[in-house]
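S.K.: Here you go, one structure.
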Amino acid sequence: MRQRPGAVVAGALVSTTMTLSEPNAGHYREVQRVTQLWIWIIVLVPTAIAWWAFVQQVLLSKPFGINPAPDVAVGIIWVVFGLAFPLLILAVNLRTEVRGDVVRLRFLPLWSRAIAVSDVRECQARTYRPIGEYWGWGIRWTPGHGWCYTIKGNRGVQLTLADGKRLLIGSNRPEQLAEAINSRRAHNPN
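Each number in this note's numbering corresponds to the 1-based position in the sequence shown with 105 added.
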């Protein structure tokens, strides 16, 4: 087995773990995490303010702001924005796995989906426009494009399913993901 650590791509740390068992065996695993600097700025600014308010007002007994909130309210804001919000963003990841006859997507900590390889009619790596085609990143559905499961970037694997529905899986290694899916499809002809 071989594992690939994170790498720096276009100025952002890309946290990817990929495991390929036996060349051409069709086994693939990738974990993508939220590492975009702009998202972390959006997360850490309210986190820093919540910590500052909590330390100033609750721990040091110095009122925070011109019209300070009660200590209980500052404590609740600290728990939500100082602890829960950044921990949630740390926990969010997209796990893509091709094993056996299933493509499994897990958007942790909230959601998962399994797609039978026998349901895949077409599979190809491609570059897409996240804003233009899917209105951003995450779990999304848009008319004419179908479902999209992404964390970042503009590369992925486009699947067309047996029922004609389309789905895009974001990936840092779309060619290898497509190769793994197509390898399993070759072992599972309909």
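We put the CB at the ideal spot given by N, CA and C, even for glycine. Model, not experiment: these values are computed from the prediction.
(1) Would you kindly check if the distance between the Cβ of Ile286 and the Cβ of Val203 is under 7 Å?
(2) Does the stretch 161-177 come close enough to the stretch 131-147 to have 3 or more Cβ pairs within less than 8 Å?
(3) Among the residues of its own chain, which have a CB less than 8 Å from the CB of His250, if the five just before and after it don't count?
(4) With a cut-off of 8 Å on the beta carbons, I'd call Thr255 and Gly243 a contact; round off their distance for me.
(5) From which residue to which residue does the alpha helix (DSSP H) around Gly180 run?
(6) Given a threshold of 16 other Cβ atoms within 10 Å of its Cβ, counted over all protein chains shown, does Ser126 qualify as buried or as exposed?
(7) With DSSP run on the structure shown, which of helix, strand or coil describes Leu215?
(8) Should Gly241 go down as buried or exposed, given a rule of 16 or more other Cβ atoms within 10 Å for buried?
(9) Below 8 Å on the Cβ atoms is my contact criterion, and I expect Ser217 with Arg226 to pass it. Report the Cβ-Cβ distance as a whole number of Å.
(10) Helix, strand or coil for Val197 per DSSP?
(11) Should Ala257 go down as buried or exposed, given a rule of 16 or more other Cβ atoms within 10 Å for buried?
M.R.: According to the data block:
(1) yes
(2) no
(3) Glu238, Tyr239, Arg271, Leu273
(4) 7 Å
(5) 176-182
(6) Caution is warranted here: a pLDDT of 41 is assigned to Ser126, below 50, making its placement in the model unreliable, and the coordinate value is therefore given only provisionally. With fewer than 16 Cβ atoms within 10 Å of its Cβ, Ser126 is classed as exposed.
(7) coil
(8) exposed
(9) Actually they do not touch by this definition, with Cβ atoms about 22 Å apart.
(10) coil
(11) Note that residue 257 corresponds to Lys in the displayed sequence, not to Ala. Burial call: buried.
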